[in-house]
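Using numbering that gives the first Met the number 0, the first residue of the sequence shown is number 0, and each one after it goes up by one. One structure below.
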Amino acid sequence: MPALALAAACTTVGACTTDQNTGDNPATGVSVSPTIDKGPVDPHTTVVDDTAAPQGYTMDSINQMIQDQEAENPGINQDMVSMAQEVTADPAECAALIPTAVTYISKIVQNPDAIAARDFTDESTDATLSVAVTSDPQLLNHPRDVSVCESITRTHAGGSASYTAAPMELRVDGADSVTGAEVTLTQSSSPLSGDNGSLSRIAYVEIDGATYTVSASPEVAPEDFTRMVQAQAEKIRQR
């Protein structure tokens, strides 16, 4: 089942931030190209499609899934919104670095035009890449100072889980800001959170007026994660 589908388990990731401004500076991870005003980003036409899927992966539209499940079970999406409100993180500003399935569902239900999400899943390994694009940076708000997120605890109705986060260096051509991270699950009261010691990855990128995130479950190969980060940037740049 896709990571953003109706599941109690969540892809969990940690973070570090590399701010990227102007100039071609290898230390920042940014290579700046000439700026061209292409108009506002439409998340629904700029989110990656199945052509970006790694070999063996299939794509699911989370937006379509949300519409379908509401048609089949009226009111279920509002239940997801309520569930998302019960999930907390300590430090609170680090919640975006350990997103849950209901986190994305809640954002899409409440802002259907401003955010689009896709899941790419290899059913043979349960590897899942989740991608979300928005025209409203507040919907994918994330901490820039990740030093406060070195240790994170998430609490929800099913229990709690603890993580340690470490920086992951990423370079995205044309990006204004890149945040990349690896997070390790250190302790959990629920097996649905994953295995202790499992490592996930996440990236947040701001580019051409859009903000997007890519998260990878522990089963995803690092190179597939990196390629997806680059593929989403290219899709936005080429719109």
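We put the beta carbon where it would ideally sit given N, CA and C, even for glycine. These figures come from a predicted structure and were not determined experimentally.
- Under DSSP, the beta-bridge partners assigned to S187 are A160.
- Excluding the 5 residues flanking it on each side, A209 has same chain C-beta neighbours closer than 8 Å at V40, P42, T45, V132, T133, S134 and I235, in chain order.
- Here E205 is bridged, per DSSP, to S176 and T210.
- Two segments are said to touch when three or more pairs of C-beta atoms, one from each, lie closer than 8 Å; by this definition the segment 86 to 101 touches the segment 151 to 168.
- The Cβ atoms of S123 and G55 sit closer than 8 Å to each other.
- When only Cα atoms are considered, T127 and M64 end up about 16 Å apart.
- Runs of beta strand (DSSP E) with 3 or more residues, each lying fully within the segment 115 to 159, are found at 126 to 133 and 150 to 155, listed in chain order.
- With contacts defined as CB atoms closer than 8 Å, A230 and A116 fail to qualify as a contacting pair.
- For S188, same chain residues with a beta-carbon under 6 Å away, outside a window of 5 residues either side, are G158 and S159 in chain order.
- Counted as a single uninterrupted DSSP element, the beta strand (DSSP E) harbouring A88 occupies residues T87 to D89.
- By the neighbour-count criterion, in which a residue is buried when 16 or more other Cβ atoms sit within 10 angstroms of its Cβ, T57 is exposed.
- Across the structure, D49 and S60 are spaced so that their CA atoms are roughly 10 Å apart.
- Contact between A113 and L96 is absent: CB atoms are separated by about 21 Å, not below the 8 Å threshold.
- Assigned with DSSP and collapsed to three states, E233 falls in helix.
- Approximately 6 Å separates the beta-carbon atoms of A232 and A174; this is inside 8 Å, confirming the contact.
- Contact annotation: Q68 and N62 have beta-carbon atoms that are not nearer than 8 Å.
- D118 has its alpha-carbon roughly 11 Å from the corresponding atom of Y103.
- Per DSSP, the continuous alpha helix (DSSP H) segment holding S81 begins and ends at I75 to Q84.
- The DSSP-derived three-state label of V101 is helix.
- For M167, there is no enclosing alpha helix (DSSP H), as DSSP gives it neither H nor E.
- DSSP, read as helix, strand or coil, puts D59 in strand.
- Of the other Cβ atoms in all chains shown, fewer than 16 fall within 10 Å of the Cβ of R238; this residue is therefore exposed.
- Its Cα nearest to that of E181, the residue V213 stands out among V213, V171 and D207.
- Beta-bridge partners of L198 (DSSP): T183.
- Distance from V101 to M79 at the Cβ level is roughly 5 Å; contact confirmed, criterion being Cβ atoms closer than 8 Å.
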